[in-house]
Ligand code: AMP
Ligand code: MN
């Protein structure tokens with residue numbers, strides 16, 4: 001705990017590719033808590049903060065690095081199951097004397113830190129950072145509360161998914177008591193669309209496909225067909241998921257270089273983390289992802305076969 005409550009030397013909080021609400025909220029909450037306590041800290045990651053998350057207090061503090069500037073004494077990662085997700089930055093900041101702290105809730109965390117705090121029972125890494133902030137005696141400011149509330153809000157699907165626990169709701173209640181505003185967070189995440197965004201969403205919803213047995217639904221997007229900013233703002237995989245009969249939802253995005261990014265969501269019937277792992281990715285039982293070297297059609301066929309097999313084995 002001393003390591004985190006009164007760190008010595010240079011401190012870096014490091015993010016990953018495709019940073020989501022949990023990762024950014026957890027990283028900013030911890031960063032602001034350390035800064036408020038008088039510890040200089042650098043925040044950085046291999047991806048710019050998506051515009052959607054620009055409302056998070058402290059978001060402009062996060063630097064976008066293509067390469068690491070050199071070693072730090074202490075490097076803290078939150079919500080990062082695998083160092084490869086830092087796009088080489090962890091290797092670049094890890095010197096001989098560096099201590100790496102890995103705080104995460106992914107069950108497939110690779111335990112790459114010198115200190116690993118991995119709790120798959122936590123709905124979000126933000127829950128763990130909340131507990132850390134308490135244990136370290138840091139002040140829970142409204143800015144920190146907003147970041148942590150966003151973390152938990154994001155990973156529980158706005159308190160709708162099966163990982164929404166008494167613990168996550170109790171923590172969320174305390175965060176609201178400390179100044180997080182649920183309507184502000186939900187408004188920033190879900191009501192920031194322009195008219196053309198809603199029209200685009202309507203077109204895409206019309207392209208969701210459903211298997212003949214109704215158990216699987218997917219949306220396949222060819223390269224460049226949808227702007228990146230739109231994809232970052234819309235959690236498109238939630239729409240195929242929203243069909244009652246659907247057990248597994250899939251979003252496939254062709255990203256160039258013969259690669260397809262895949263997001264998988266389940267409702268407790270099959271472990272999509274295991275399916276993603278079979279394709280070199282990973283994640284949680286009900287939310288996982290991978291990147292496949294294949295054409296869009298091939299990737300879709302591979303995934304549909306793999307999901308159908310998993311459903312048949314259940
Ligand atoms: P996403 O579908 O991108 O929102 O990701 C859902 C979950 O799967 C998150 O917990 C991610 O950390 C994880 N995940 C997504 N893509 C990958 C990947 N290529 N490798 C490992 N884990 C991934
Ligand atoms: Mn998370």
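In the numbering used here, the protein residues as written are 1 to 314.
Where is the CB? At the ideal position from N, CA and C, for every residue including glycine.
Assuming residue i is part of the beta strand (DSSP E), what are its boundary residues?
i           : result
residue 63  : 62 to 64
residue 263 : 259 to 266
residue 146 : No beta strand (DSSP E) holds residue 146; the alpha helix (DSSP H) holding it covers 142 to 155.
residue 11  : 11 to 14
residue 216 : 216 to 221
Residue i: beta carbon under 7 angstroms from a heavy atom of ligand 2?
i           : result
residue 105 : yes
residue 108 : no
residue 316 : What the structure shows of the chain is the stretch from 1 to 314, and residue 316 is not part of that stretch, so it cannot be assessed.
residue 238 : no
residue 16  : no
residue 155 : yes
residue 150 : no
residue 124 : yes
residue 22  : yes
Which two residues bound the contiguous alpha helix (DSSP H) that contains residue i?
i           : result
residue 200 : 195 to 205
residue 94  : Taken as a continuous stretch (DSSP letters only), residue 94 belongs to no alpha helix (DSSP H), being part of the beta strand (DSSP E) at 94 to 104.
residue 76  : Counting along the chain, residue 76 falls outside any alpha helix (DSSP H), though it belongs to the beta strand (DSSP E) covering 72 to 78.
residue 254 : Not the alpha helix (DSSP H): residue 254 falls in the beta strand (DSSP E), residues 248 to 256.
residue 49  : From DSSP, residue 49 is part of no alpha helix (DSSP H); its letter is neither H nor E.
residue 35  : 21 to 36
residue 88  : Careful: residue 88 lies outside any alpha helix (DSSP H) and carries neither H nor E.
residue 229 : 228 to 233
Given the structure, does residue i come close to ligand 1, in the sense that its CB is under 7 angstroms from one of the ligand's heavy atoms?
i           : result
residue 242 : no
residue 164 : no
residue 282 : yes
residue 81  : yes
residue 325 : Any question about residue 325 goes unanswered here, given that the chain covers just 1 to 314.
residue 168 : no
residue 289 : yes
residue 225 : no
Could you tell me the alpha carbon to alpha carbon distance between residue i and residue j, rounded to whole angstroms?
i           : j           : result
residue 142 : residue 190 : 21 angstroms
residue 60  : residue 128 : 23 angstroms
residue 48  : residue 63  : 7 angstroms
residue 13  : residue 19  : 13 angstroms
residue 196 : residue 21  : 24 angstroms
residue 23  : residue 147 : 10 angstroms
residue 247 : residue 307 : 10 angstroms
Buried or exposed, going by whether 16 or more other CB atoms sit within 10 Å of the CB of residue i?
i           : result
residue 229 : exposed
residue 219 : buried
residue 125 : buried
residue 265 : buried
residue 51  : exposed
residue 2   : exposed
residue 27  : buried
residue 383 : The first residue shown for the chain is 1 and the last is 314, placing residue 383 beyond what the model contains.
residue 134 : exposed
So that I know if they touch, is there some Cβ in chain C lying closer than 8 angstroms to that of residue i?
i           : result
residue 123 : The structure shown has no chain C; it contains just one protein chain.
Is the stretch 179 to 193 in contact with the stretch 91 to 100, if contact means three or more CB pairs nearer than 8 angstroms?
No, the stretch 179 to 193 does not touch the stretch 91 to 100.
Any chance the stretch 194 to 203 sits against the stretch 156 to 170, with 3 or more Cβ pairs inside 8 angstroms?
The stretch 194 to 203 and the stretch 156 to 170 do not touch, with fewer than 3 CB-CB distances between them shorter than 8 angstroms.
Decide yes or no for the touch test of the stretch 267 to 276 against the stretch 294 to 302: beta carbon pairs closer than 8 angstroms, at least 3 of them.
The stretch 267 to 276 makes no contact with the stretch 294 to 302; the number of CB pairs closer than 8 angstroms stays below 3.
Inter-stretch contact (C-beta, 8 angstroms, three-pair minimum) for the stretch 63 to 75 and the stretch 141 to 157
A contact between stretches requires three or more CB pairs, one per stretch, nearer than 8 angstroms, and the stretch 63 to 75 fails this requirement with the stretch 141 to 157.
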